[in-house]
Amino acid sequence: MLSWLAGIRTIAEDLRQVRASARTPASVYNDDSRRIAGILAPRSIDVVITSPPYPNEKDYTRTTRLESVLLGFIRSKSDLRDVKNGLIRSNTRNAYKQDADDEWVWEHSEIQRIAANIEARRIELGKTSGFERLYHRVAKLYFGGMARHLAELREVLRPGARLAYVVGDQASYLQVMIRTGQLLADISKSLGYEVTGIDLFRTRIAAATRQQMGEEVLLLRRPG
Ligand SMILES: C[S@@+](CC[C@H](N)C(=O)[O-])C[C@H]1O[C@@H](n2cnc3c(N)ncnc32)[C@H](O)[C@@H]1O
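Quick note: the sequence shown, position 113, residue 113 per this note's numbering, numbers continuous.
Laid out in structure tokens, this is it:
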């Protein structure tokens with residue numbers, strides 16, 4: 001509790017300092033990044049810098065539940081479900097029957113191969129829980145959701161706009177390797193983006209497999 005309070009005090013102090021020098025107008029939209037067209041004007045954005053979810057089985061609504069309740073974003077179970085519905089599917093706790101983002105990667109053979117490997121591994125290991133049965137589907141829903149976001153985004157970017165996405169490799173689904181940055185680079189290319197770089201800024205060794213896992217910045221450009 002004390003370290004939590006210390007963290008909050010640091011954030012409050014940072015905000016106080018920023019406020020004194022902030023002259024740049026800023027707008028915050030509390031919305032789903034897969035539905036941008038009605039929110040931002042066409043060809044109005046020059047730069048996107050973001051840290052999107054990874055397919056890492058982390059429920060982001062759980063890590064921020066306390067803040068979400070204290071700030072009044074979530075008052076009931078149905079509010080929580082609405083928030084979850086607006087998120088890119090990156091864990092089995094927010095995958096729903098009616099989800100269809102996987103349609104976006106039907107033709108991506110590498111993602112289909114990874115999903116098939118996850119499911120084959122689950123069967124081989126005899127894992128039968130409801131969540132484990134969803135692993136392969138979440139992998140497809142995740143990349144499909146990111147594809148949907150990148151496709152929507154094209155309309156609001158100015159020609160020549162630059163983008164930076166911080167993403168990490170993952171092996172959360174029965175240790176099947178998912179090279180997130182490389183796969184998002186492939187998807188971006190197929191949507192008409194130029195991939196200007198994949199900068200490695202950190203590696204870590206996965207405890208279970210001893211494999212090198214990269215954390216990268218995927219750099220894109222909207223041609224024109
Ligand atoms: C890897 S975390 C980045 C956290 C961020 N750097 C921060 O410090 O708060 C990914 C974030 O993306 C959010 N997210 C997931 N799906 C989203 C969506 N469709 N639209 C907007 N944000 C989304 C998650 O709730 C999570 O907070």
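A virtual CB, placed ideally from N, CA and C, is assigned to each residue, including glycine.
If you're wondering where the values come from, they're calculated on a predicted model, not measured in any experiment.
Whole-angstrom distance between residue j and residue i, CA atom to CA atom
i    : j    : result
R137 : R16  : 44 angstroms
S97  : G130 : Looking at the sequence provided, one finds Lys at residue 97 rather than Ser. Their backbone Cα atoms lie some 12 angstroms apart in a straight line.
D31  : R113 : 32 angstroms
I39  : E152 : 11 angstroms
D199 : Q211 : 19 angstroms
I36  : S27  : 14 angstroms
D226 : V69  : This structure does not reach residue 226, given that the chain is present from 1 up to 224, and the question cannot be answered.
I11  : L5   : 10 angstroms
E110 : A206 : 22 angstroms
R241 : R179 : This structure does not reach residue 241, given that the chain is present from 1 up to 224, and the question cannot be answered.
R133 : A120 : 11 angstroms
S21  : E13  : 13 angstroms
T128 : T203 : 32 angstroms
L66  : P25  : 28 angstroms
A208 : P55  : 17 angstroms
Reference residue i, options the options, closest by Cα
i    : options               : result
L218 : D169, T24, G224, M177 : D169
L150 : T24, A41, S190        : S190
F143 : K77, L40, L183        : L183
V167 : T196, G214, E132, G86 : G214
A41  : G192, R154, R162      : R154
G192 : I88, E110, P223, D101 : P223
R89  : I205, S44, Y135       : Y135
I187 : G7, E107, G72         : E107
A147 : L2, A208, E67, D101   : D101
F201 : E216, T209, A208      : E216
G145 : G126, V105, D82, L125 : V105
G197 : T209, T24, R162       : R162
L87  : P52, K127, I74        : P52
Supposed close pair residue i, residue j - CB separation, criterion 8 angstroms
i    : j    : result
G160 : R221 : 7 angstroms
D59  : R93  : 4 angstroms
K140 : A115 : 5 angstroms
Y173 : I118 : 5 angstroms
I49  : A171 : Contact flag wrong, Cβ pair sits at about 26 angstroms.
V176 : A185 : About 19 angstroms; that fails the 8 angstroms criterion.
E57  : N91  : 5 angstroms
V156 : R43  : 7 angstroms
L83  : T63  : Reading the sequence as shown, one finds Val at residue 83 and not Leu. With a Cβ gap of about 13 angstroms, V83 and T63 do not count as contacting.
Simplified DSSP assignment, three categories, for residue i
i    : result
I187 : helix
M177 : coil
D46  : strand
A164 : strand
Q212 : strand
D199 : strand
V217 : strand
L157 : strand
R222 : coil
I36  : coil
R133 : helix
R148 : helix
R204 : strand
Residue i: CB within 7 angstroms of a non-hydrogen atom of ligand 3
i   : result
L80 : Ligands displayed in this structure: ligand 1; ligand 3 is not among them.
Taking only runs that begin and end inside the stretch 52-121, name each unbroken alpha helix (DSSP H) of 4 or more residues, in chain order.
60-63, 65-70, 77-85
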